[in-house]
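Start counting the sequence shown at 1; every next residue gets the next number (this note's numbering). Working notes, beginning with the structure itself.
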Amino acid sequence: MKIGHVLIQQTFAQTGIRNTPAILNVDSEHADLNLNQKPARLRIQQIDAELTVDSSGLRRAFQMHSPVSFAKELGSEGLQAGIVAIGKISAAGDDMARIELGRDPKKVFADLVKRESIWEDPAIKVVDPTINNGIHIEISPGSVKVDYLPGEISLEAIPHKPALSFQRGEIKVYLQQNYSVDIDSSLRPIDFKI
């Protein structure tokens with residue numbers, strides 16, 4: 001006996017989705033950073049100490065002179081000594097001339113030797129040792145002035161705007177497989193016993 005049968009095969013439709021994502025590009029440069037530094041300054045000003053020694057009182061007490069007045073005095077004494085020496089030489093010359101005039105040479109030379117052998121003592125000055133030393137000392141202390149000027153730091157940031165670019169995304173839906181129904185009918189022999 002033959003019994004027919006029907007075979008139904010169904011294939012569902014399939015859809016495909018293709019997604020292209022959106023792209024956002026951000027190009028950003030680093031900010032410029034300007035750093036200006038002014039260094040600190042240290043200023044040191046020194047005023048030297050002064051020591052003043054005035055010995056003019058001592059010089060006056062011992063009848064001493066300053067270098068300038070001492071030089072003048074020596075010059076004056078030298079001039080006076082020169083004049084005296086010239087006078088002596090001139091006098092000796094006059095005495096020698098008297099020999100020519102008939103004077104006794106022994107007498108002329110005796111007078112000349114006598115005049116040259118006389119030595120005059122210079123005046124010796126006696127100073128009282130109890131006189132005040134006459135030295136005046138004055139000290140002006142020095143000083144140091146320190147000024148500190150602090151430094152400065154200046155910081156400035158210059159930002160840059162970012163550059164944006166956008167590319168749109170896409171979503172595509174397409175039919176990947178069609179829907180289908182296959183029906184197959186056939187008669188097959190079946191052994192059937194009762």
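Using N, Cα and C, we set each Cβ at its ideal position, and we do this for glycine too. Since we're looking at a predicted model, the values are computed, not measured.
Short check: CB of residue i to CB of residue j, under 9 Å?
| i | j | result |
| --- | --- | --- |
| tyrosine 174 | threonine 15 | yes |
| isoleucine 195 | asparagine 36 | Outside the displayed span of the chain (1 to 194) sits residue 195, for which this structure offers no information. |
| isoleucine 23 | glycine 169 | yes |
| aspartate 48 | isoleucine 135 | no |
| valine 84 | methionine 96 | no |
| isoleucine 171 | arginine 18 | yes |
| leucine 79 | isoleucine 137 | no |
Rounded to a whole number of angstroms, what is the C-alpha to C-alpha distance between residue i and residue j?
| i | j | result |
| --- | --- | --- |
| isoleucine 124 | alanine 81 | Only weak support exists for where isoleucine 124 lies, its pLDDT of 47 falling under 50; the coordinates are left without a value. |
| lysine 112 | lysine 106 | Here the sequence assigns leucine to residue 112, which means lysine is not the residue at that position. When rounded, the distance between both Cα atoms is 10 Å. |
| threonine 20 | phenylalanine 166 | 13 Å |
| histidine 160 | glutamine 177 | 52 Å |
| glutamate 116 | valine 68 | 33 Å |
| proline 129 | glutamate 77 | Any answer about proline 129 is weak, because its pLDDT of 48 lies below 50 and its placement is not dependable; what the coordinates show is given next. Spanning the two alpha carbons is a distance of roughly 28 Å. |
| alanine 40 | glutamate 156 | 20 Å |
| alanine 91 | phenylalanine 70 | 31 Å |
| isoleucine 86 | isoleucine 139 | 52 Å |
| aspartate 182 | leucine 7 | 8 Å |
| lysine 72 | glycine 57 | 20 Å |
| leucine 101 | leucine 74 | 40 Å |
Can a CB atom of chain D be found closer than 9 Å to the CB of residue i?
| i | result |
| --- | --- |
| alanine 81 | In the structure shown, chain D does not exist; there is a single protein chain. |
Under 8 Å by Cβ, that's how I've got residue i and residue j pegged, so tell me the actual separation to the nearest angstrom.
| i | j | result |
| --- | --- | --- |
| histidine 5 | serine 186 | 7 Å |
| aspartate 32 | alanine 163 | Not really, about 16 Å apart at Cβ, beyond 8 Å. |
Per DSSP, residue i forms a beta bridge with which residues?
| i | result |
| --- | --- |
| serine 185 | Val6 |
| phenylalanine 166 | Leu24 |
Is it the case that the region 136-146 contacts the region 41-56, given that we only count it when at least three CB pairs across the two stretches are under 8 Å? yes
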